[in-house]
Every structure is written in structure tokens, then in C-alpha cells.
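Quick notes on the structure that follows.
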Amino acid sequence: MKYANQTTVSPEKSRGEIEHTLTGYGATGFMYGWHEGKAVIVFEFHQKRMRFTLDLPTEANAAITPQGRRRHGKAAILKAYEQEQRRKWRSLALSIKSKLVAVQDGISTVEYEFMANIILPNGMTVGEWAVPQIDKAYESGNMPPLLPAPGAPRQP
124 MKYANQTTVS
134 PEKSRGEIEH
144 TLTGYGATGF
154 MYGWHEGKAV
164 IVFEFHQKRM
174 RFTLDLPTEA
184 NAAITPQGRR
194 RHGKAAILKA
204 YEQEQRRKWR
214 SLALSIKSKL
224 VAVQDGISTV
234 EYEFMANIIL
244 PNGMTVGEWA
254 VPQIDKAYES
264 GNMPPLLPAP
274 GAPRQP
């Protein structure tokens, strides 16, 4: 069973809750937007910027049940689509709040909790930058060198 699969909390209310939670934990900036099936939340916390990208459901996805059956009727598809939107936003709100609680309670640090979401100077998140390197290391069985080879050009 998926988290919040029966929630009645609107996406707008969940976004507002995320902003309110971040403000309460000391965030110094907040931004939200959406484009082509993705929603993005960016915030600044402890002098670092974090980005969460949420893949939004589509009506085409909502036309298929979790069991792989086809939903019939525009009303049933729309209902499933709206429910999945609510569910995804509730999941994101919980995820961000749980990370902030772990930091506040000394269980973890901002860097560990939000590592994959920290925005690097080139605009990529640490996760976007690191995951391909991790995949490559597992495929090859080789770790990247800790230091560049003697005489190798320096990377910026």
C-alpha cells in the first residue's frame, strides 16, 4: 500500500505546509514551480540550496489501475489522477519534514539528510552528479581515483 493513498489534502495545502515547515525550521528562501509534468521546490537552508523535483502523474498513468487494468470513463480517470497528485504532494511534505526533524534532533546533519538534493554551483544536484558515477563504478568494478594521476589536467 502506498503512503497517503486515501488522502484528501489538496496539493496546494501540502505545498503550503512544506513552505510553512521550512520557514519554521529556519529556511531563508523558498520557491515553487512546475513545467512539463514535473513540480520543483527549491529552498535555502543553512546557506545551502536544495531542490526537490516531483514527477507529477498524468491522466494516461491514471487510466491504468495498480493491478494493470484499464479504468473506464473520464470521471474515474480524473478521480485517480487527482488522488495521485494529492498522494505525491503528501509524500514530499512528509519526506522534507522527517529530514528536518532528524537534523533538529541531532540524529543527522543538513548535509547528510539533503545531500542528494543540494544544488551544486553548476546547477546540478549532488544526486544528479553522483548517481551516474556510482553506476559506472558498479558496472566497471573500479573506484574512481582519490587523486588525479600525476600530470593529469586539473578539473575545475
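Heads up: the sequence shown begins at 124 in our numbering, then just goes up one per residue.
Ideal Cβ positions, reconstructed from N, Cα and C, are used throughout, including at glycine.
Just so it is clear, the structure is predicted and the values come from calculations on it, not from any experiment.
Query raised in the report: E167 bridges to which residues according to DSSP?
Result: Per DSSP, the beta bridge partners of E167 are G152 and R172.
**Report entry** Spatial distance of G196 from K136 (CA atoms)
**Finding:** 28 angstroms
**Report entry** Coil, strand or helix - L215 by DSSP
**Finding:** helix
Query - Contacting residues, own chain, Cβ-Cβ under 8 angstroms from A150 (five flanking each side not counted) - result: F166, E167 and F168
Requested in this report: Determine the contact status of A260 and A239, defining contact as a CB-CB distance below 9 angstroms.
Outcome: no
**Report entry** Distance between S214 and G235 (C-alpha atoms, nearest Å)
**Finding:** It should be noted that the sequence gives Tyr, not Gly, for residue 235. If you take the alpha carbons of Y235 and S214, they lie about 20 angstroms apart.
Query raised in the report: When DSSP builds the beta bridges, which residues end up paired with T328?
Result: In the structure as shown, the chain starts at 124 and stops at 279, and residue 328 therefore has no counterpart that could be examined.
Requested in this report: Return helix, strand or coil for E186, following the three-state DSSP convention.
Outcome: Reading off the sequence, residue 186 comes out as Ala, not Glu. Three-state result, A186: coil.
Requested in this report: For H143, I'd like the list of residues in its chain whose CB is within less than 7 angstroms of its CB, leaving aside the five on either flank, ordered along the chain.
Outcome: none
Query raised in the report: In its own chain, which residues sit with a C-beta less than 6 angstroms from the C-beta of A216, not counting the 5 before and 5 after it?
Result: S137, E140 and I141
Query raised in the report: Do you know offhand how far N245's Cα is from G156's?
Result: Each residue's alpha carbon lies about 20 angstroms from the other.
Query raised in the report: Under 9 angstroms, do I200 and R192 count as touching if we go by C-beta distance?
Result: no
**Report entry** Straight-line gap, K202 to S218 (C-alpha atoms, nearest Å)
**Finding:** 24 angstroms
Requested in this report: Using 10 angstroms around the beta-carbon of M247, count the other beta-carbons present and answer buried if the total reaches 16, otherwise exposed.
Outcome: exposed
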